[in-house]
Structure formats: structure tokens, C-alpha cells
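Remarks on the structure that follows.
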Amino acid sequence: MPHILIVEDEAAIADTLVFALQGEGFETTWLSLGAAALEHQKSTPADLIILDVGLPDISGFETCKNLRRFSDVPVIFLTARDGEIDRIVGLEIGADDYVVKPFSPREVAARVRAILKRVAPAPVPRPAGELGAALFQVDSDRVQINYRGKPLNLTRHEFRLLNCLLEQPERVFSREQLLDALGVASDAGYERSIDSHIKSVRAKLRLVRAEAEPIQTHRGLGYSYSPGHS
Ligand code: CA
2 MPHILIVEDE AAIADTLVFA LQGEGFETTW LSLGAAALEH QKSTPADLII LDVGLPDISG
62 FETCKNLRRF SDVPVIFLTA RDGEIDRIVG LEIGADDYVV KPFSPREVAA RVRAILKRVA
122 PAPVPRPAGE LGAALFQVDS DRVQINYRGK PLNLTRHEFR LLNCLLEQPE RVFSREQLLD
182 ALGVASDAGY ERSIDSHIKS VRAKLRLVRA EAEPIQTHRG LGYSYSPGHS
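Per the numbering used here, residue 2 is the first one in the sequence shown, and the count goes up by one each step.
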């Protein structure tokens, strides 16, 4: 759960931000001084900082300048004056975005989400085919596939089946070819079992995303993985 540090000396403004961000599932910490924010970021780094320009001790600009000596954490400035916007937009202080007061807390939350999405680290395990890289991560050593960041609880057969499909997006595999991937000898009875494995994998994918249909049925031919339906 991303942790957002709010640095704002006006309690009423901070409260609306805390409320909006917590409502969207973020953890929040509220501080009212720039120096305290720097100390906090050193000891317990937040994932993003919302920083008021007009703080009682050191200004938000000064705070950000000091922050940049030890941290690349994304910063959204809260500003009350047009004159400040020029400095922020000039990017001389290393901000990622700014919001002008009065603002809508929902709008701020949307920008927080957008920035975190942009800076999110790329998935580390081997990507499953180029097109599916963002959606599936396959960890062969642990026999584990993540879908949209969530681990799928697959049996060994289901893992091999899905892995086989993911390796070649859009390729249609016959049931016989999929049996090969499972290391099971081809035979009429086993070919039906592919259908039940597929059914089970689909159900597990839908637990992560109800409308997902990344495995396509090709009547009379077999199955394919289609990233466009993920
Ligand atoms: Ca202020």
C-alpha cells in the first residue's frame, strides 16, 4: 500500500487530503513543518510527498531542494499563488506536479495515482511474451504466475498450461500441443482434460479481474492467449 507524506501547515487542508487519500486506499502521514518532513523521509521513506509551498519554517521550495540531496521521491506541490507556479513549472526544484489552491482532493488523489503508476518499478521476473509483460509475470523456479500483480493459485498442470500459452501470445495451440506442454501423452480422454484445466485457469484469472478473458477458445482448433482481452 503506497504511503503518502502530506506536508501542510493548515489542518483543514491536510484533513481533506488525508480523508481523500485514505478513502482510495493510501496510507498517509501528516506533518506541518518542512524540517520534520525531511527527517521523516530519511527515517521512513514515503512513496510520494505532497508539499505545501508556504510552510512556517522553511519553504516548500527549500524543503524540496534539501530532499533532492538524498531522495528521488515524487513531489506534488500545493501552491496558493501564480507567482509560485512559474518556479515549479521551471522545474528548478525537481517537482513532479503541482496543484493550485483551492483544489479538489479527488483531483489530487488522481494525480498521486498517475505519478505512482508512472514511477512504479518494472516487474522483475521473466516477462511472459512481449505483449503480456505488463499483465503476467512468470516465475518458473517458484512455479508461480502473477496476473496484474496478484499471485495465481495454480496447480502444476495449470501453471504449465498457462505458461505455454503466455510464451507465444496469439498463437493457437491445439489440445494435443497443450498436452505435450503438460508432459502428458496424447489421448482422447486427456484431450478433454485440457478443457477442464482451461476452465479452472479462467476461473482463477477472473478472481483477479472479473471481466478478464485472456484465454480465447478457437472452435475446433484449440486455445490462445490474447493480451488484448486481458
Ligand atoms: Ca501553508
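We treat Cβ as the ideally placed atom computed from N, Cα and C, and that holds for glycine. Note that this is a predicted model, so its numbers are computed, not measured.
Do Ile5 and Ala47 count as a contact pair if the criterion is CB distance below 9 Å?
Closer than 9 Å, so yes.
Would Gly55 pass as a contact of Ala81 if the rule is Cβ separation under 9 Å?
Inclusion of Gly55 and Ala81 in the CB contact set at 9 Å is warranted, their separation being smaller than that value.
Gln1, enclosing beta strand (DSSP E) - first and last residue:
No answer is possible for residue 1: the residues shown for the chain start at 2 and end at 231.
According to DSSP, simplified to helix, strand and coil, what is Pro46?
Annotated three-state conformation of Pro46 is coil, per DSSP.
Residues near Thr30 in its chain [Cβ-Cβ closer than 6 Å; skip 5 each side]:
Setting aside the 5 residues that flank it on each side, Thr30 is surrounded in the same chain by Leu6, each with a C-beta closer than 6 Å to its C-beta; the list follows chain order.
What span of residues does the alpha helix (DSSP H) with Glu63 cover, start to end?
Annotation: the continuous alpha helix (DSSP H) that includes Glu63 extends over 61–68.
Can you tell me whether Val160 is buried or exposed, with buried defined as 16 or more other CB within 10 angstroms of its CB?
Checking the sequence shown, residue 160 turns out to be Phe, not Val. It counts as buried.
Cα-Cα separation between Val101 and Leu79, rounded to whole angstroms:
When rounded, the distance between both Cα atoms is 6 Å.
Would you kindly check if the distance between the Cβ of Val76 and the Cβ of Ile50 is under 9 Å?
Cβ atoms of Ile50 and Val76: closer than 9 Å.
Taking 9 Å as the threshold (C-beta atoms), are Ile199 and Leu155 in contact?
At a Cβ-Cβ threshold of 9 Å, Leu155 and Ile199 do not count as neighbours.
Does DSSP put Val8 in a helix, a strand or coil?
Correct three-state label for Val8: strand.
For Glu25 and Ala110, what's the separation of their Cα atoms in angstroms?
C-alpha of Glu25 to C-alpha of Ala110: approximately 8 Å in a straight line.
Would you decide whether Leu208 is buried or exposed? Buried here means 16 or more other CB atoms lie within 10 Å of its CB.
With fewer than 16 other beta carbons inside 10 angstroms of its own, Leu208 counts as exposed.
Taking the alpha-carbon positions, what's the Val125 to Arg69 distance?
Low confidence applies to Val125: its pLDDT is 46, below 50, so where it sits in the model is not reliable enough to give any reading.
Using C-beta distances below 8 Å, list every residue in its chain close to Arg112, excluding the 5 sequence neighbours before and after it, in chain order.
Answer for Arg112: Ile77, Asp98, Val100, listed in chain order.
From the DSSP output, in three-state form, read off Pro24 for me.
Reading off the sequence, residue 24 comes out as Gly, not Pro. Gly24 falls in the helix class under three-state DSSP.
Exposed or buried, what is Gly133 when buried is set at 16 or more other beta-carbons lying within 10 Å of its beta-carbon?
Low per-residue confidence applies at Gly133: pLDDT is 48, beneath 50, and the placement is therefore not dependable, though the value from the model is reported in the following sentence. With 16 or more other Cβ atoms inside 10 Å of its own Cβ, Gly133 counts as buried.
Report all residues from its chain with a CB closer than 7 Å to the CB of Lys66; omit the five preceding and five following residues, and keep chain order.
Within the same chain, Lys66 has close Cβ partners Ile94.
Just to check, is the beta-carbon of Ala38 closer than 8 Å to a non-hydrogen atom of ligand 1?
Not so, every heavy atom of ligand 1 lies at least 8 Å from the Cβ.
So if DSSP puts Phe104 in a beta bridge, which residue, or which two residues, is it bridged to?
DSSP, once it has assigned bridges, lists no residue as partnering Phe104.
beta-carbon Gly309 near ligand 1 non-hydrogen atom, thresh 8 Å
The requested residue 309 does not occur in the structure, where the chain is confined to residues 2 to 231.
Have a look at Thr218 and Phe104 and give me their C-alpha separation to the nearest angstrom.
Each residue's CA atom was taken as its position, placing Thr218 and Phe104 some 48 Å apart.
Apart from the five residues on each side of it in sequence, which residues of its chain come closer than 7 Å, Cβ to Cβ, to Glu131?
In this prediction, Glu131 scores a pLDDT of 45, lower than 50, which makes its location untrustworthy; the coordinate-derived value is nonetheless stated afterwards. If we look at Glu131 and ignore the five residues flanking it on each side, it has no Cβ neighbours.
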